[in-house]
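**Q** In the numbering used here, the protein residues as written are 689 to 939.
C-beta atoms are modelled at their ideal positions from N, C-alpha and C, and glycine is treated no differently.
My questions all concern the structure below.
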């Protein structure tokens, strides 16, 4: 039942593992409106903006919204934005994750939002994930290691942006099953098949043919100034008014 809010945090450039938050217990926490700058250049040290690691109390709700996370280093490993892992069977069961309106700026780093979780439920709305051309892993990664399918994950109105010609901006490891919905996300990538699903790259046309997908689009959202870390949208951006209607507070 903790609230972590309105912090400005900047790590040192070295010194081992330097996550802004590593949360391993409890629940019903809120992480909001924090600015997190990860400067650690040690490739062997795990340095995430927000890291959540099993176990948690069953039936809890975790809210993560309005945060800006910048991996201000050239690490391509052990550097992530929001990382959620509950690989032990039973860990994080029936935990609701509500993740919305975050900006993840990852010029070199691995994943912007990662959920490697057993039986998690997640609403992932209106986040922006930016990755540069040298990244080694997709910006958006969903996986359930202890099950054959991923259930109860809803992904709407996000922008997944990558300039990598070889790493897809989206990776969904297992089959999406009961309660999954993917709607009105914008995917920008130089790859003709920018989505990795169940181990294979898929074109947007193939992706949109699946029953759980409703009109994801490929387009450049036209950020105002990436080099100046301004991820607002220019006038005339195809992302303006392109999302599906969400209820408060997500709208």
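#1: For residue 808, which of 832, 767, 788, 814 has the nearest alpha-carbon?
#2: Classify residue 904: buried if its beta carbon has 16 or more other beta carbons within 10 angstroms, exposed otherwise.
#3: Measuring only the C-alpha atoms, how far is residue 879 from residue 885?
#4: Is the Cβ of residue 823 closer than 8 Å to any Cβ of chain B?
#5: Between which two residues does the alpha helix (DSSP H) harbouring residue 913 extend?
#6: Within a Cβ cutoff of 8 Å, which residues of the same chain sit near residue 836, ignoring the five residues on either side of it in sequence?
#7: Does the stretch 755-767 come close enough to the stretch 722-732 that 3 or more CB-CB pairs lie under 8 Å?
#8: When burial is assigned at 16 or more other CB atoms within 10 Å of the CB, is residue 877 buried or exposed?
#9: Using CA coordinates, which residue listed in 830, 822, 787, 821 is at the minimum distance from residue 805?
#10: I'd like to know whether the C-beta atoms of residue 722 and residue 753 end up nearer to each other than 8 Å.
#11: Kindly indicate the opening and closing residues of the beta strand (DSSP E) around residue 749.
#12: Measuring straight from C-alpha to C-alpha, what distance separates residue 841 and residue 811?
#13: By how many angstroms is the C-alpha of residue 931 removed from the C-alpha of residue 795?
#14: Once DSSP output is grouped into helix, strand and coil, what is the label at residue 805?
#15: Compute the distance between the beta-carbons of residue 848 and residue 875, then report whether it is under 8 Å.
#16: Within its chain, find whatever has a CB closer than 6 Å to the CB of residue 749; leave out the 5 residues flanking it on each side and keep chain order.
#17: Using C-beta distances below 8 Å, list every residue in its chain close to residue 924, excluding the 5 sequence neighbours before and after it, in chain order.
#18: So the candidates are 712, 703, 702; which of them puts its Cα closest to the Cα of residue 690?
**A** On the basis of the coordinates in this document:
#1: 832
#2: buried
#3: 14 Å
#4: Protein chain content of the structure displayed is limited to a single chain, and chain B is not contained in it.
#5: Here residue 913 belongs to no alpha helix (DSSP H); instead the beta strand (DSSP E) covers 911-913.
#6: 862, 863
#7: yes
#8: buried
#9: 830
#10: no
#11: 749-753
#12: 6 Å
#13: 25 Å
#14: strand
#15: yes
#16: 716, 784
#17: 910
#18: 712
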